[in-house]
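Under the numbering used here, the first residue of the sequence shown is numbered 12, with each subsequent residue one higher.
Presented below is the structure to which this report refers.
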Amino acid sequence: MDKIKVIITDLDGTLLNKEHQISDYSKKIFKELYDRNYLIIVATGRHHLDAMPLVAGFDFPIYLVTSNGARIHNPNKELLFSFDIESDAIKSVLDLEIDPEFTTVLFKEDVWQTNKTNEKLNKFQKELNYRPEVVNFKNETDLKAIKMFFTHESHGKLIELRDKILVNHDHLFSHAFSLPYCLEFMDKSVDKSVAISKILEIENVRFDNAVSFGDGYNDEKMLTATAHGYIMGNAPESLKKKLPQLQIIDTNEFDGVAKFLAASFLDADVLKN
């Protein structure tokens with residue numbers, strides 16, 4: 012732990028509690044770590060317009076990786092990197108006549124387009140900075156997007172959809188389940204770990220100098236790339252079994268990340284919440 016200089020964390024299911032917010036205790040611990048010169052990186056599947064109001068609660072500058080690595084913003088909120096999925100690639104997926112029981116979403120720059128209103132997704136935003144727009148995708152001429160994802164209550168049906176899409180698209184997309192009911196597709200070159208490596212190069216540090224925290228399959232490469240990766244207690248059992256070498260910590264509901272960091276890096280008087 013003496014070599015650790017970088018702390019990397021996911022948001023949903025990891026740093027955020029069940030109300031999709033960063034608790035006051037977590038803010039306190041991260042501020043203390045920042046004051047002790049640890050580099051803080053937040054890496055999330057959320058769009059940057061959605062994530063920025065959440066991390067603003069830290070009240071100190073951080074690096075922000077969003078859309079699973081398709082966007083990177085520096086501590087001054089300047090865009091360092093962006094990569095989109097081409098319109099034709101997305102069209103070839105939507106031409107598969109996906110059952111309308113799936114909620115289909117395209118992350119655009121300023122809005123997220125969807126085939127129908129999904130209140131469960133809407134609840135992820137406390138502040139509606141990144142607005143949904145219900146569209147008929149067959150009438151859209153420009154489908155270029157940061158990320159494409161599908162949601163359904165049945166994880167099994169999402170697996171079937173994933174397999175259907177990958178038959179002819181495996182060479183185009185990387186994919187992950189950020190949550191059991193959220194199947195996400197990005198350009199093949201996009202991953203949180205790839206984006207993080209760009210930041211580490213800028214800061215002249217290595218993955219060996221970093222710890223990471225996550226709860227989803229979109230965190231897998233990030234968790235295994237860092238010196239120490241930690242899986243949330245609320246993560247899917249399948250992820251825990253896939254990565255048995257990684258330590259499991261407390262859940263997001265009970266500030267698992269902040270409590271672990273406080274116990275590992277801070278003085279005893281800071282552990283009180």
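Backbone N, C-alpha and C fix where the C-beta goes; we use that ideal spot for every residue, glycine too.
What are the boundary residues of the alpha helix (DSSP H) that includes Ser-204? 203–214
Going residue by residue through the stretch 67–105, where are the continuous beta strand (DSSP E) segments of at least 3 residues, counting only ones entirely within it?
74–77, 82–84, 90–93
_Which same chain residues end up closer than 7 Å to Asn-85 when comparing Cβ atoms and leaving out the 5 residues on each side of it in sequence?_
Tyr-74, Leu-91
Would you list the residues sitting across from Arg-142 in a DSSP beta bridge? Val-122
> Can you tell me the Cα-Cα spacing of Met-63 and Leu-172, whole angstroms?
Replying inline: 31 Å
For the alpha helix (DSSP H) holding Tyr-241, just list the boundary residues, first then last. From DSSP, Tyr-241 is part of no alpha helix (DSSP H) but of the beta strand (DSSP E) over 239–243.
Tell me the residue span of the beta strand (DSSP E) that contains Asp-7. No answer is possible for residue 7: it lies beyond the span of the chain, which begins at 12 and ends at 284.
- Item | Extent of the continuous alpha helix (DSSP H) run through Ile-15 | Ile-15 -> no alpha helix (DSSP H), and no H or E assigned at all.
**OP:** Kindly indicate which three-state DSSP category Ile-40 falls into: helix, strand or coil?
**Re:** helix
query = Can you tell me whether Ser-37 is buried or exposed, with buried defined as 16 or more other CB within 10 angstroms of its CB?
reply = buried
- Which residues in the same chain have their Cβ closer than 8 Å to the Cβ of Ile-101, if we skip the five residues on either side of it in sequence? Leu-117, Leu-154, Lys-155, Ala-156, Met-159
In whole angstroms, what separates the C-alpha of His-180 from that of Gly-56?
21 Å
Keeping to the same chain, check which residues put their C-beta closer than 6 Å to that of Ile-260; ignore five residues upstream and five downstream.
Tyr-241, Gly-267, Phe-271
Check: What residues match up with Lys-149 in a beta bridge as DSSP calls it?
Finding: The partner list for Lys-149 (beta bridge, DSSP) is empty, contrary to what the question assumes.
task = Report the option in Phe-265, Ala-246, Asn-263 whose CA atom is closest to the CA atom of Leu-257.
result = Ala-246
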